[in-house]
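Residues in the sequence shown are numbered consecutively from 3, following the numbering used here.
Ideal Cβ placement from N, Cα and C applies to all residues, glycine included.
From a predicted model like this one, the values you see are computed outputs, not experimental measurements.
Only one structure is covered here, and it is reproduced in the block below.
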Amino acid sequence: MGMWQDHDCKVMKRYLRNLDPENDGRVPFDTVHHQPQVDDANGEQVFRFAESQDYLRSIGGLDESDPRHPQVLISNYVL
């Protein structure tokens, strides 16, 4: 089971890195939150970004240094 989860995490991390406009490990929350569900070749859901700002804050995955533009910290979101 862990092997499959590791693969999915790597796919998710790569996906988020492609959304990183400054290449600094941060993606605007709104950008992440508006992404479609990601499915595999069989149409099975791999991941969907639906976490709230409260949840991301609780796991240390939200950068709010500019409160008007919160950003998801990729390294803290995908462990």
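- Nearest Cα to Ala-43 within the set Val-34, Leu-81, Asp-10: Asp-10.
- Of the residues Phe-31, Glu-24, Phe-49, Val-48, the one whose Cα lies closest to the Cα of Asp-56 is Phe-31.
- In the three-state DSSP reduction, Asp-8 falls in the helix class (H, G or I).
- Annotation for Asp-41: Gln-47, Val-48 place their beta carbon closer than 7 Å to its own, counting only its chain and skipping 5 residues before and after.
- By a beta-carbon distance limit of 8 Å, Leu-64 contacts Val-74. Their separation comes to about 6 Å.
- Within the same chain, Cβ atoms closer than 7 Å to the Cβ of Val-29 are found at Leu-18, Leu-21, Asp-22, Gln-73, Val-74, Ile-76, the five residues on either side in sequence being excluded.
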